[in-house]
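Residue numbers (the numbering used here): 3 to 409.
Presented below is the structure to which this report refers.
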Amino acid sequence: MSPSLPQLPGNDFDPGNSDGACDQWWGLGLLFVLLQTCGSDIVKGALAQLSGSRLTPVAFSFGWADYALQMIVWVSRGRALLPPADWNCVVINGRSGYRRQNRSWIIGRMVRDFLAWMDDGKSDGPIHRCVDRVINEKWETRRTQAQQHVARPIKAGLCVSVYRSGPVARRNPKYYRSHYLTHVTGIVQLAIAAIPYKLYGDWKALAVTAGGIALSYAMGAPGQWRREKWACSTWCEETVVLTPGNGSQHAIVVIGTGHGSLDLEQLASGNLVDDIERPWRTRLCFLLLAVLWVLLLTLAGSMGRTTWTLIVIASVGTFHNLCVTDATRKPEEAGVPLMFETVIGHPKVMDTLFEVEEKYPRLGRSMLAEFFPGELRPDEVERWTKLRAVADEHDKLMKEGKKRLLY
């Protein structure tokens, strides 16, 4: 009788566990694809902030596929690539007083970020000192009248900051911090994508990430972005006022200096953006990019266990694009160089406009309807009548060639 073999312990194999793992990885792949079809607003903002250079670095993130498909619809219908202004402000002609609602992304962001870029970001600059003086004078007046404790007001009066437009050597802005940080973000994403290749020899995450970064950069490359972002003349001697409107603490005056100065009034109208032709090459370019995004999503959805890597990578890019979209920028970073000249401010808005009119004929009066839409007092009407006579005399002398423009 042959000896019996010892019973070896074994593990029961349950095929259901394998199916569960496959379902889990498939679910992650589907999640990544779904996340790519939302969040396009963040991508729009990042492109609007960074576009204009020949190489536009925008991070690979969620929302790109959705944005690419939207671009096909917009371009085919002749719509603009650049999103509309996301900050309300008005642009006033400094001579005629004609008022228009701003439609330019650049001008809207200039007004929105003014508190950050005024005085070159220095807290002890002339504009900051003017604001503090105006608020303190208003505060002192209230305390004297009330004869009791009164909280310091948050804002008071009006401060008008005057700038001269610097020459625009070219319409392609230089690279700034946000551009370089996008390159750094791309390197970090590639490093994360290399982890599955190092651990499992799986190259799909690295390929999808590299392809996503390349497509993200390509989306901002067409020259159509530059044509729409600076859709205005580069010769301007007009003076314009940028302000959020009645009740605001600040008004920004930009004096055109001739050759090389952007026509901000024309830019704010947005009319040239509507008239810009969308050539067939641009439409074909975005069609090709949209097809490539779909192919990239197809590859990403079939990655299996390394899909988590793509979710982490796209999350990093989304966070970066969100920061870029909300970041404050100086005017020169948006291609609008400005040179500070002076600031005028008083606790009473009318006093500010009077002084502006005395130093810059017709400029103060151009803002009168915006800040005082109602009837004026008799003494105010009398003073404005005298100032208008001075401005008319000044214009007459200018036509005769006996006097130069004061500003």
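Virtual Cβ for every residue (Gly too), placed ideally from N, Cα, C.
Residue i - containing alpha helix (DSSP H), residue span
| i | result |
| --- | --- |
| ALA292 | 282-302 |
| ILE156 | Run containing ILE156: none; DSSP gives neither H nor E here. |
| VAL2 | With the chain covering 3 to 409 only, the question about residue 2 has no answer from this structure. |
| VAL190 | 179-202 |
| GLU395 | 380-401 |
| PHE359 | Note on identity: in this sequence residue 359 is Glu, with Phe being the wrong assignment. 351-361 is the span of the alpha helix (DSSP H), which, as asked, contains GLU359. |
| ASN248 | Per DSSP, ASN248 belongs to no alpha helix (DSSP H) and is neither H nor E. |
| ARG102 | Looking at the DSSP string, ARG102 is not in any alpha helix (DSSP H); the run it does join, the beta strand (DSSP E), is 101-103. |
| PRO128 | 128-148 |
Beta-carbon proximity check, residue i vs residue j, cutoff 8 Å
| i | j | result |
| --- | --- | --- |
| GLN226 | LEU83 | yes |
| LEU324 | CYS91 | no |
| SER53 | LYS231 | yes |
| GLY159 | PRO349 | yes |
| ARG97 | ARG364 | yes |
| ILE197 | THR320 | no |
| GLY258 | SER167 | yes |
| LEU291 | LEU183 | no |
| VAL326 | ALA48 | yes |
| THR354 | VAL162 | yes |
| GLY214 | LEU301 | no |
| VAL1 | VAL164 | No answer is possible for residue 1: the residues shown for the chain start at 3 and end at 409. |
| ILE44 | PHE288 | no |
Residue i versus residue j - alpha carbon distance
| i | j | result |
| --- | --- | --- |
| GLN26 | MET305 | Reliability of the predicted coordinates at GLN26 is poor, the pLDDT of 44 falling under 50, and no value is obtained from them. |
| SER235 | THR309 | 49 Å |
| ALA195 | PRO128 | 49 Å |
| GLU343 | CYS132 | 14 Å |
| ALA118 | THR330 | 7 Å |
| ASP2 | LEU71 | Shown here, the chain extends from 3 to 409; a query on residue 2 therefore has no answer. |
| TYR69 | TRP295 | 10 Å |
| THR211 | LEU192 | 7 Å |
| PRO380 | THR387 | 11 Å |
| ALA336 | ARG390 | 36 Å |
| GLY376 | GLU382 | 12 Å |
| SER78 | ALA393 | 50 Å |
| HIS185 | GLN103 | 36 Å |
| PRO339 | VAL242 | 15 Å |
| PHE374 | GLY247 | 11 Å |
| LEU208 | ALA67 | 18 Å |
| HIS130 | HIS322 | 31 Å |
| ILE313 | VAL293 | 21 Å |
| VAL351 | GLY366 | 11 Å |
| LEU286 | GLN51 | 24 Å |
| VAL152 | PRO86 | 42 Å |
| GLU384 | GLY347 | 22 Å |
Residue i, enclosing beta strand (DSSP E) - first and last residue
| i | result |
| --- | --- |
| PHE64 | Careful: PHE64 lies outside any beta strand (DSSP E) and carries neither H nor E. |
| CYS161 | 160-167 |
| VAL120 | Note that residue 120 is Met in the sequence shown here, rather than Val. Where MET120 is concerned, there is no enclosing beta strand (DSSP E), given that its DSSP letter is neither H nor E. |
| MET221 | Per DSSP, MET221 belongs to no beta strand (DSSP E); it is in the alpha helix (DSSP H), 206-221. |
| THR344 | 340-348 |
| LEU1 | Within the shown structure, residues of the chain are numbered from 3 to 409, placing residue 1 beyond reach of any answer. |
| VAL92 | 92-95 |
Exposure of residue i, with buried meaning 16 or more beta-carbon neighbours within 10 Å
| i | result |
| --- | --- |
| HIS261 | exposed |
| SER271 | buried |
| MET341 | exposed |
| VAL93 | buried |
| THR146 | exposed |
| GLN150 | exposed |
| GLY65 | buried |
| VAL113 | buried |
| ILE189 | exposed |
| GLY203 | exposed |
| ILE156 | exposed |
| TYR100 | exposed |
| ARG81 | exposed |
| GLY123 | exposed |
| ASP328 | exposed |
| SER317 | exposed |
| TRP107 | buried |
| LEU264 | buried |
Chain C within 8 Å of residue i, Cβ atoms only
| i | result |
| --- | --- |
| CYS287 | Going by chain labels, chain C is absent from the structure shown, which holds only one protein chain. |
- Is the number of C-beta pairs between the segment 247-258 and the segment 207-223 that are closer than 8 Å three or more? No, they do not touch.
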